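Counting in the numbering used here, the sequence shown runs from 41 upward without gaps.
Think of the CB as a built atom: it goes at the ideal place given N, C-alpha and C, for glycine as much as any other residue.
No experiment lies behind these values; they were computed from the predicted model shown.
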Amino acid sequence: MALSVEVYRELSGLNDFGFRDQMTRSGLSVPSNSAEGYERESNKELIRFLYIAKGSCGELHTQTIIGMKIGYLKQDMATKWQQETKEISAMLGGLIKKRKAFSGAR
């Protein structure tokens, strides 16, 4: 969730509304979909929402690369966010794998 807050705060002054909106939506989607999946109280639904969160994490990773290349993000910040999105994606992947094993889902 910390990354989502950081992205939202850092981009609040960006004049390119389309880029800012897309990137903040991706950032907010990761913890929001994880939480929604847990609230569904079904392992199948949890897995589905974790996959959505993982996809949003991939979007955010790509957007940090683009943001850096077009000069919207400083390299150090973009690199930090790219590393964080990789870590979060790996954690989500591990959680999905565990939940699938728990339920026998494929």
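- Following the DSSP letters along the chain, one finds N55 in no alpha helix (DSSP H), marked with neither H nor E.
- Here T125 really is in contact with C97; their C-beta atoms are around 5 Å apart, less than 8 Å.
- Looking only at P71, L100, E85, Y91, the smallest Cα-Cα distance to L51 is reached by L100.
- Per DSSP, reduced to three states, the secondary structure at S82 is coil, with no helix or strand assignment.
- For W121, same chain residues with a beta-carbon under 6 Å away, outside a window of 5 residues either side, are T104 in chain order.
- In the structure shown, G67 falls within a helical segment according to DSSP collapsed to helix, strand and coil.
- With 16 or more other CB atoms across the displayed protein chains lying within 10 angstroms of its CB, F89 is buried.
- Following the DSSP letters along the chain, one finds G133 inside the alpha helix (DSSP H) bounded by residues 115-143.
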